[in-house]
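Since the structure comes first, as structure tokens, the remarks are kept for the end.
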Amino acid sequence: MPHRLHSLNMQQEREKMSDLLPRRADVTVIGGGVIGSSAAYHLAVKKIDVVLLEKGDFASGTSSACDGLIFLQSKKPGPHLELAMAGRSRFDDLPEELESDIELRCKGGMIIIERDSELQAMERFVEEQRKIGLEVSLLEGYEARELEPCLSDDVTAATFCPLDGQVNPISLTLAFLKAAKSRGAKVFSHTPATGIELRGGAIEGVRTLRGVIRTETVVNAGGVYAPQIGKMVGLDIPIVPRRGQLLVTEALPRLLSRCLISARYIAAKYDSGTVSGEDRGISLEQTENGNFLLGSTREFVGFDRRTTQYAIQRILSDTTRVIPRLKDAHLIRAFAGLRPYTPDGLPILGKVRSVGGFIMAAGHEGDGIALSSVTGQLVAEIVADGKSGTPLEPFALERFFPPKQSEGRKAYERGKKA
Amino acid sequence: MHRKKCDVAVVGTGPAGLAAANILADHGLLVVILDENARMGGQLLRSLPWGGALSRPDRLRRVGFDLTDRVKDKKIEVITRTKVLDIVEGRHLLVEERQGRIAVVEPRVLLLATGARERFMPFKGWTLPGVISTGAAQILMKNYGVLPSWNMLIAGMGPLLLVLAGEFLKNGGKLISVLDMGGAREKALMLTQGLHHFSKLSEGFLHLAGILTSRVPLRLRTTVVEARGGTELEEVVAAGIGKDGAVIEGTEMIYRTESLAVGYGFTPNIELAQVAGCAIDHDKTRGGWVVRVADDLETTVDRIFAAGEITGIAGASKSLHEGEMAAFAILRKIGRHVHSDRMARLKQKRHRHLRFAGYFNALHGLPPRAVLSVPDEVAICRCEDVRMGAIRSAVMEGHDTPAALKRALRIGMGNCQGRTCAPIVYDILSALANKQEKTVSILTARGPVKPVAIRSFLS
Amino acid sequence: MKDLRIPSVARGKKIKIFVNGREVIAHEGESVLAALVAAGRRTLRRSHRNGEGRGAFCGMGVCYECLVSIDGRPNMRACMSEVEEFMEIGIDAPKEM
Numbered sequence: 001m002p003h004r005l006h007s008l009n010m011q012q013e014r015e016k017m018s019d020l021l022p023r024r025a026d027v028t029v030i031g032g033g034v035i036g037s038s039a040a041y042h043l044a045v046k047k048i049d050v051v052l053l054e055k056g057d058f059a060s061g062t063s064s065a066c067d068g069l070i071f072l073q074s075k076k077p078g079p080h081l082e083l084a085m086a087g088r089s090r091f092d093d094l095p096e097e098l099e100s101d102i103e104l105r106c107k108g109g110m111i112i113i114e115r116d117s118e119l120q121a122m123e124r125f126v127e128e129q130r131k132i133g134l135e136v137s138l139l140e141g142y143e144a145r146e147l148e149p150c151l152s153d154d155v156t157a158a159t160f161c162p163l164d165g166q167v168n169p170i171s172l173t174l175a176f177l178k179a180a181k182s183r184g185a186k187v188f189s190h191t192p193a194t195g196i197e198l199r200g201g202a203i204e205g206v207r208t209l210r211g212v213i214r215t216e217t218v219v220n221a222g223g224v225y226a227p228q229i230g231k232m233v234g235l236d237i238p239i240v241p242r243r244g245q246l247l248v249t250e251a252l253p254r255l256l257s258r259c260l261i262s263a264r265y266i267a268a269k270y271d272s273g274t275v276s277g278e279d280r281g282i283s284l285e286q287t288e289n290g291n292f293l294l295g296s297t298r299e300f301v302g303f304d305r306r307t308t309q310y311a312i313q314r315i316l317s318d319t320t321r322v323i324p325r326l327k328d329a330h331l332i333r334a335f336a337g338l339r340p341y342t343p344d345g346l347p348i349l350g351k352v353r354s355v356g357g358f359i360m361a362a363g364h365e366g367d368g369i370a371l372s373s374v375t376g377q378l379v380a381e382i383v384a385d386g387k388s389g390t391p392l393e394p395f396a397l398e399r400f401f402p403p404k405q406s407e408g409r410k411a412y413e414r415g416k417k418a
Numbered sequence: 419m420h421r422k423k424c425d426v427a428v429v430g431t432g433p434a435g436l437a438a439a440n441i442l443a444d445h446g447l448l449v450v451i452l453d454e455n456a457r458m459g460g461q462l463l464r465s466l467p468w469g470g471a472l473s474r475p476d477r478l479r480r481v482g483f484d485l486t487d488r489v490k491d492k493k494i495e496v497i498t499r500t501k502v503l504d505i506v507e508g509r510h511l512l513v514e515e516r517q518g519r520i521a522v523v524e525p526r527v528l529l530l531a532t533g534a535r536e537r538f539m540p541f542k543g544w545t546l547p548g549v550i551s552t553g554a555a556q557i558l559m560k561n562y563g564v565l566p567s568w569n570m571l572i573a574g575m576g577p578l579l580l581v582l583a584g585e586f587l588k589n590g591g592k593l594i595s596v597l598d599m600g601g602a603r604e605k606a607l608m609l610t611q612g613l614h615h616f617s618k619l620s621e622g623f624l625h626l627a628g629i630l631t632s633r634v635p636l637r638l639r640t641t642v643v644e645a646r647g648g649t650e651l652e653e654v655v656a657a658g659i660g661k662d663g664a665v666i667e668g669t670e671m672i673y674r675t676e677s678l679a680v681g682y683g684f685t686p687n688i689e690l691a692q693v694a695g696c697a698i699d700h701d702k703t704r705g706g707w708v709v710r711v712a713d714d715l716e717t718t719v720d721r722i723f724a725a726g727e728i729t730g731i732a733g734a735s736k737s738l739h740e741g742e743m744a745a746f747a748i749l750r751k752i753g754r755h756v757h758s759d760r761m762a763r764l765k766q767k768r769h770r771h772l773r774f775a776g777y778f779n780a781l782h783g784l785p786p787r788a789v790l791s792v793p794d795e796v797a798i799c800r801c802e803d804v805r806m807g808a809i810r811s812a813v814m815e816g817h818d819t820p821a822a823l824k825r826a827l828r829i830g831m832g833n834c835q836g837r838t839c840a841p842i843v844y845d846i847l848s849a850l851a852n853k854q855e856k857t858v859s860i861l862t863a864r865g866p867v868k869p870v871a872i873r874s875f876l877s
Numbered sequence: 878m879k880d881l882r883i884p885s886v887a888r889g890k891k892i893k894i895f896v897n898g899r900e901v902i903a904h905e906g907e908s909v910l911a912a913l914v915a916a917g918r919r920t921l922r923r924s925h926r927n928g929e930g931r932g933a934f935c936g937m938g939v940c941y942e943c944l945v946s947i948d949g950r951p952n953m954r955a956c957m958s959e960v961e962e963f964m965e966i967g968i969d970a971p972k973e974m
């Protein structure tokens, strides 16, 4: 009997809530993936009145179609790595702060090296990382196997960073959302932003199918859809989807404690000189539940989220070479995620000069999870203090439109808004 | 990768697939018929590996077994122990062969006859070893001549409970009781359904007669409340239920038993049809989510046909007829002449089957809100141990679609890929949100639709 | 323990298989599950979530509860695998078993 009443009450409650799209908000975050939810959370913590709009289910896009690697080692030495390092320590506090089991596991990560050409490239990479202050060491093959006995002899060397780790990306996203809500943020799924209203080059409101929200600040956390949001304010945002396919095995007893990516993956990302022919980088992670996540691919196929026979074959072939025990496992799921790729591999963050109140927080490509916390933090700093503690020039949208074109750019944008 | 061409590929060697393959081969087409199991026959045509069957088959089964024999003799390539993983390149089959390698079957026309699987109403302790499905009990006895246990309690909903009860008794088992959630009214109404389905009814009544004469208690409007034991099943708590499926306080009874066989009806195996892009519909009269087919059994995807339980749960007779229909429709599709009378007659038969099915499924469908009486601590997703309470909380927090629940709780991310839990989750959602089942958007299926050995991908 | 095999059925050749190292009688043509049930072994594995014992449920390859190791290969469905002479089956029951 009690349960039946329960279900009727629940229905009435939800019907009431659905009417409550607010008439105004100080900040409107567009995008309910890990970046948007982190932004909403960090804004709510600073007691800023925030509304989050997600066009589908929460975490239904890229944030639920990725692995959970938090890899400092894979960040390009320079502003990228610095940003990641700035955010890394926050992760340790997150489970308690968000009151949620996000399956954080930080036993370190390895970049595995299988050939000499990779070794040379990695030696250089490690040197540059050390200069910035990242604690990373180069291991011999046998040392790598001491840490992870399941690795085959194919692994001739590896780099190791004790700060690297993994998290459950969906749990993380939903945890940010829940914590944001409990601190006053209002979040709405199945509510796409259909337009942004401007006046005099500054934001006035966000349109949805359920009404207009008066707001002066918009955070574009649209991921691969960020360009569509950008168009609403006359901006060209150079983010394109890059497909990454991932395979999932059944839950297995603990075999691998740390997460792995291959040197080829790094090379493919930053130094196409070392990669000949097609891209065969791999990533391996064994989740808290015991499933292996095996990846990946880097394909430009528009918004096609299908998996391909070729990739499945290739990923299985390459990953079982590194962990032969996987040959006895079963593939239970294959999926593909669209990562928001930018031409220089750095995310697009910060205020956009030409549109008042428009803040970019997108384009993290394969680093969204690792940079989610620090991104949310700096968005909140920008809103609360006018600027973030971290210098954001290297991440500015304007970097894609060099100064000498700026007059033409302004005219172009004016023309678009008219 | 090994590739094999043929005229028609038939997925499933149950009555529908066999009937279709038989006719197609008669007309000289190159047919490949596939099944994941070691032997043909699907869920209905069960036989021992060493020849013979445990009991004399009824008329329908005799027809089915004849088909099995005929299929073996004809020029049909029978590929058993082979999983179809995905539909690729339009209507080609990506398969994992028994030898442990991936191959592609390229038919000109595809017929999906993937049948149905059982559905379940969870109860406390349903994951204990010793709690099995009625299908598992049937398979052990009829496919392998092994009793599931010495004594058994049977419970659930639907006429198959009696069928299993009769067989268990005949094979020397001690049947403790049969507990049926349905009432006397359903049984009586079945009687009035008429001669058309005489064979189905007669089998049921023979079993009923057998049970009554052996003085095994048969309780109606009774459900399992809990299965208990240390590490394996030792006793079952049952109770009476009202018309709405809610337990009536004070009617609890305890049965000591090491084995409980439960069955609550069926749900179609539509996963392959889904990955092929075929439209599906929710139709309560046909047992739930089924593949949408035209009058001639073609799906919404060109040259993909569907036959049998996946177009609607209605038993072997419909499957046989639909298999025949699909074969003739396929022949027509590829330009062969088929007498329109023939098709008209088969369509008529099909309509009668569907009418009976409608009645049958309506009578034996689980009370829609019964699932809400499942206590919070009961696992709904068995693979990942996700409990009713967690689902209720997640729905309250706004995760009110199967996809959202899957993301939030991991239901459907285990080995069974949601086959056991998804039908229950759909019922929970439609009951909690007071929504019609057809508005609950079901989980999308993606290849591989069955777990596949990684080794099979490595050369 | 009396065998659950139905006496009236004429079976294939008797073969030896091993369950956790112990010799068990089976017949050619039986599924691994049928042989295990006939030998009284119903708890086949432990849930990776809570360690509870699990055994066969659906019997037809859908539920993935009856997972055992066969000749060293883990997570094989007992109901969908056929016995072979000298097959080594590993079941992972909780300590009490």
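Chains as they are written, first to last, in the numbering used here: chain G, 1 to 418; chain C, 419 to 877; chain V, 878 to 974. For every residue, glycine included, the Cβ atom is placed at its ideal position computed from N, Cα and C.
* Where leucine 331(G) and threonine 308(G) are concerned, what is the direct C-alpha to C-alpha distance, given to the nearest angstrom? -> The straight-line gap from Cα to Cα measures roughly 14 angstroms.
* chain V within 8 angstroms of alanine 334(G), Cβ atoms only -> no
* arginine 646(C): first and last residue of the uninterrupted beta strand (DSSP E) it sits in -> 640-646
* **chain G contact for glutamine 517(C) (CB, 8 angstroms cutoff)** => no
* To do: Could you list the residues in the stretch 297-312 of chain G with a C-beta less than 9 angstroms from some C-beta on chain C, going in chain order?
  => Arg306, Thr307, Gln309, Ile312
* Is it buried or exposed for glycine 784(C), if we count other Cβ within 10 angstroms and need 16 for buried? -> Checking the displayed sequence, the identity of residue 784(C) turns out to be leucine instead of glycine. Flag for leucine 784(C) reads buried.
* Return the chain-ordered ranges of every beta strand (DSSP E) run that is complete within the stretch 177-224 of chain G and spans a minimum of 3 residues. => 186-188, 193-199, 202-208, 211-214, 217-220
* Using a threshold of 8 angstroms, state whether the C-beta atoms of alanine 797(C) and arginine 805(C) are closer than that. => yes
* So what does DSSP say about phenylalanine 541(C), is it helix, strand or coil? -> coil
* Asked: Quick one: what does DSSP say tyrosine 673(C) is sitting in, helix, strand or coil?
  -> strand
* **arginine 922(V): contacting residues in chain G (beta-carbon distance under 9 angstroms)** => By Cβ distance, chain G contributes nothing, its closest Cβ being about 11 angstroms from arginine 922(V), past 9 angstroms.
* Asked: Under 8 angstroms between the Cβ atoms of valine 29(G) and valine 50(G)?
  -> yes
* Can you list, in chain order, the residues of the stretch 321-347 of chain G whose Cβ is nearer than 8 angstroms to any Cβ on chain C? -> Answer in chain order: Leu326, Lys327, Asp328, Ala329, His330, Leu331, Ile332, Arg333, Ala334, Phe335.
* To do: Taking 8 angstroms as the cut-off, decide whether the C-beta atoms of glycine 865(C) and alanine 334(G) are in contact.
  => Yes, Cβ-Cβ distance for glycine 865(C) and alanine 334(G) is below 8 angstroms.
* Say yes only if the C-beta of leucine 119(G) is nearer than 7 angstroms to one or more non-hydrogen atoms of the ligand MG, and no if none qualify. => With respect to small molecules bound, the structure shown includes none, and the ligand MG cannot be examined in it.
* **CA-to-CA distance, lysine 47(G) to glycine 184(G), given in whole angstroms** => 8 angstroms
* Checking contacts by CB at 8 angstroms: is alanine 434(C) closer than that to chain V? -> no
* Asked: Out of Ile572(C), Met671(C), Leu579(C), Gly543(C), which has the shortest C-alpha to C-alpha gap to isoleucine 594(C)?
  -> Ile572(C)
* According to DSSP, what are the bridge partners of lysine 422(C)? -> Val523(C)
* To do: Pull out every residue of the stretch 61-79 of chain G whose Cβ sits closer than 8 angstroms to any Cβ of chain C, in chain order.
  => Ser64
* Asked: Apart from the five residues just before and just after lysine 736(C), which ones in its own chain have a Cβ nearer than 6 angstroms to its Cβ?
  -> His771
* Asked: Closest Cβ-Cβ distance between arginine 950(V) and chain G: below 8 angstroms?
  -> yes
* From the DSSP output, in three-state form, read off asparagine 952(V) for me. => strand
* Asked: Straight-line CA distance for glutamate 962(V) to glycine 681(C)?
  -> 34 angstroms
* Asked: Can you name the residues of chain V whose CB is closer than 7 angstroms to the CB of tryptophan 468(C)?
  -> Ala887, Arg888, Gly889, Gly906
* To do: Tell me, please, whether the stretch 280-298 of chain G touches the stretch 310-330 of chain G by the rule of three or more beta-carbon pairs shorter than 8 angstroms.
  => yes
* Three CB pairs or more closer than 8 angstroms across the stretch 428-441 of chain C and the stretch 477-490 of chain C -> yes
* Asked: Interface residues of chain C around glutamate 959(V) at Cβ under 7 angstroms?
  -> Residues of chain C with a Cβ closer than 7 angstroms to the Cβ of glutamate 959(V) are, in chain order, Ala456.
* **Buried or exposed by the 16-neighbour rule on C-beta atoms within 10 Å, applied to methionine 1(G)** => At methionine 1(G), the pLDDT of 36 sits below 50, so the modelled position is not reliable; the number obtained from the coordinates is stated separately. Answer is exposed; the Cβ neighbour count stays below 16.
* Mind listing the chain C neighbours of isoleucine 947(V)? Cutoff is C-beta to C-beta under 7 angstroms, in chain order. => Close partners of isoleucine 947(V) in chain C (Cβ separation under 7 angstroms) are lacking, with about 12 angstroms as the shortest Cβ gap.
* **According to DSSP, residues forming a beta bridge with alanine 534(C)** => Pro686(C)
* In angstroms, rounded to a whole number, what distance separates the CA positions of alanine 534(C) and alanine 583(C)? -> Distance between alanine 534(C) and alanine 583(C), taken at the CA atoms: about 21 angstroms.
* Closer than 8 angstroms to chain G by CB, alanine 840(C) -> No, because no Cβ of chain G sits closer than 8 angstroms to the Cβ of alanine 840(C).
* Do glutamate 742(C) and lysine 542(C) have their C-beta atoms within less than 8 angstroms of each other? -> no
* Compare the Cα-Cα distances from phenylalanine 684(C) to each of Gly726(C), Gly668(C), Arg633(C), Ala657(C) and report the closest residue. => Gly726(C)
* **Residue(s) in a DSSP beta bridge with cysteine 799(C)** => Val804(C)
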